[in-house]
Amino acid sequence: MTRQRWSEVKNLLDRALDLPPEERMAFAAAHCGGDEELRRELEGYLELGSDVEEMFEEPILDLIAGRPPEYRAG
């Protein structure tokens with residue numbers, strides 16, 4: 001995924017996560033401008049439910065720091 005594409009997905013995801021769970025899929029369908037790939041990507045994250053919210057709340061460096069050495073690059 002390109003940086004620009006991720007920016008689009010993340011922007012829509014942030015907005016969708018502010019909605020009640022039952023409204024999120026309709027938001028995705030309405031705000032992806034006919035871009036089916038974008039809609040599928042967004043819906044994929046939304047299907048994770050509360051897990052996706054937690055995934056983006058914790059900074060990635062904190063997640064990496066807690067990994068054993070065999071999971072780190074370098």
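Just so you know, we're using the working numbering here: the sequence shown kicks off at 1 and counts up by one. Ideal Cβ placement from N, Cα and C applies to all residues, glycine included.
Taking the C-alpha atoms as reference points, what is the distance between E23 and L13? 13 Å
Rounded separation between R3 and A30 - CA only: 23 Å
In or out: L48 buried (at least 16 other Cβ within 10 Å) or exposed? exposed
Measure the alpha-carbon distance for A16 versus L38 and round it to whole angstroms. 13 Å
Please list the terminal residues of the continuous alpha helix (DSSP H) segment that includes E8. 3 to 17
E36 - DSSP class collapsed to helix/strand/coil: helix
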